[in-house]
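In this note's numbering, the protein residues as written are 1037 to 1332.
Here is the structure:
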């Protein structure tokens, strides 16, 4: 059996057109030293049937959870299966740029947490579905992602993000988002994986980042390792409700750390602004055209 340098873990819940684009973007980036682990989290039969008909140029290890166990538990299923020295987490709606995998691997010359960059791409659903049927449409999109992208809301304040990465920053963990991040598998296992008590949207990644920070692991930013977020309609009320519950749970976990508790509550403002911003930008883009909602 060949040595596995990196394991790419993707969890998904019924977003097959976006997932298809993500997996196709990895073609040409995955070799014998890289494995891809895909966790189906309570997906419908239609999703699984459609996926089974798609051909990829590399092998994929599939884990199918009949029950919807949530983000934390599904990522943990993938991480426990992983054999790679490094684990790269990608969301099922975040399309990796060219050389994405290579940049993540090369960034781990020493143990660290490597955080990639994010940009948003707004597309109509029918265009994503069209890309599933036409390789020409798909590759045209992949070749031209940068020109269609906009800077994500949480990447606008470049000065703040530079300040966050100064040495010995006690709140660096607030940038740990799992849509585009890699770390040593040993570090993840030592930290205890994701806390599966977080339910729904928000904070489960930040809380893991907090525990990793406590291990004194170095946080590194890669502006070149971009993943392009294929935006989608969201349910604001569901996201706000889930985020509030998770915020309260996170705060209870760090009750002995006054600074962390303060930061968690201060983070609520930009986090909630991000939810509304995503909603209004997407709604404006759709211009009243119907599209299915999800809260993922």
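Built from N, CA and C at the ideal position, the CB exists for glycine as well.
Since the model is a prediction, treat every value here as computed from it, not as a measurement.
Helix, strand or coil: which one does DSSP assign to residue i?
{"i": "residue 1130", "result": "strand"}
{"i": "residue 1216", "result": "strand"}
{"i": "residue 1043", "result": "strand"}
{"i": "residue 1105", "result": "coil"}
{"i": "residue 1267", "result": "coil"}
{"i": "residue 1066", "result": "coil"}
{"i": "residue 1049", "result": "coil"}
{"i": "residue 1120", "result": "coil"}
{"i": "residue 1183", "result": "helix"}
{"i": "residue 1110", "result": "helix"}
{"i": "residue 1207", "result": "coil"}
{"i": "residue 1100", "result": "strand"}
{"i": "residue 1273", "result": "helix"}
Do you know how far the Cα of residue j is from the Cα of residue i?
{"i": "residue 1109", "j": "residue 1243", "result": "14 Å"}
{"i": "residue 1300", "j": "residue 1279", "result": "11 Å"}
{"i": "residue 1090", "j": "residue 1304", "result": "40 Å"}
{"i": "residue 1274", "j": "residue 1092", "result": "35 Å"}
{"i": "residue 1078", "j": "residue 1241", "result": "20 Å"}
{"i": "residue 1214", "j": "residue 1249", "result": "15 Å"}
{"i": "residue 1039", "j": "residue 1119", "result": "9 Å"}
{"i": "residue 1154", "j": "residue 1142", "result": "19 Å"}
{"i": "residue 1236", "j": "residue 1135", "result": "32 Å"}
{"i": "residue 1292", "j": "residue 1265", "result": "36 Å"}
{"i": "residue 1145", "j": "residue 1122", "result": "11 Å"}
{"i": "residue 1163", "j": "residue 1048", "result": "20 Å"}
Might you give, ordered along the chain, the residues of its own chain that have their beta carbon closer than 8 Å to the beta carbon of residue i, omitting 5 neighbours on each side?
{"i": "residue 1097", "result": "1071, 1072, 1073, 1074 and 1117"}
{"i": "residue 1137", "result": "1042, 1044, 1062, 1065, 1066, 1070 and 1124"}
{"i": "residue 1167", "result": "1053, 1056, 1057, 1173, 1174 and 1177"}
{"i": "residue 1287", "result": "1297, 1300 and 1301"}
{"i": "residue 1179", "result": "none"}
Beta carbon of residue i: closer than 7 Å to some heavy atom of the ligand ZN?
{"i": "residue 1275", "result": "Absence of the ligand ZN from the depicted structure is noted, as is the absence of any ligand whatsoever, leaving it without description."}
Since residue i contacts residue j with CB under 8 Å, what's their CB separation in whole angstroms?
{"i": "residue 1113", "j": "residue 1217", "result": "In fact, because the Cβ distance is near 18 Å, the residues do not count as touching under 8 Å."}
{"i": "residue 1261", "j": "residue 1139", "result": "4 Å"}
{"i": "residue 1253", "j": "residue 1126", "result": "About 20 Å separates the two Cβ atoms, so there is no contact after all."}
For the beta strand (DSSP E) holding residue i, just list the boundary residues, first then last.
{"i": "residue 1235", "result": "No beta strand (DSSP E) contains residue 1235, which DSSP labels as neither H nor E."}
{"i": "residue 1061", "result": "Here residue 1061 belongs to no beta strand (DSSP E); instead the alpha helix (DSSP H) covers 1052 to 1061."}
{"i": "residue 1146", "result": "Counting along the chain, residue 1146 falls outside any beta strand (DSSP E), and DSSP gives it neither H nor E."}
{"i": "residue 1175", "result": "Not the beta strand (DSSP E): residue 1175 falls in the alpha helix (DSSP H), residues 1171 to 1179."}
Quick check on the DSSP output: the alpha helix (DSSP H) that includes residue i runs from which residue to which?
{"i": "residue 1077", "result": "Looking at the DSSP string, residue 1077 is not in any alpha helix (DSSP H); the run it does join, the beta strand (DSSP E), is 1070 to 1077."}
{"i": "residue 1140", "result": "1136 to 1142"}
{"i": "residue 1081", "result": "1081 to 1088"}
{"i": "residue 1226", "result": "1221 to 1227"}
With a CB to CB cut of under 6 Å and the five nearest residues on each side skipped, what residues in its chain are close to residue i?
{"i": "residue 1080", "result": "1050"}
{"i": "residue 1230", "result": "1108, 1111, 1112, 1240 and 1244"}
Quick one: residues in its chain with C-beta nearer than 7 Å to the C-beta of residue i, no 5 flanking neighbours on either side, listed in chain order?
{"i": "residue 1187", "result": "1155"}
{"i": "residue 1285", "result": "1233 and 1234"}
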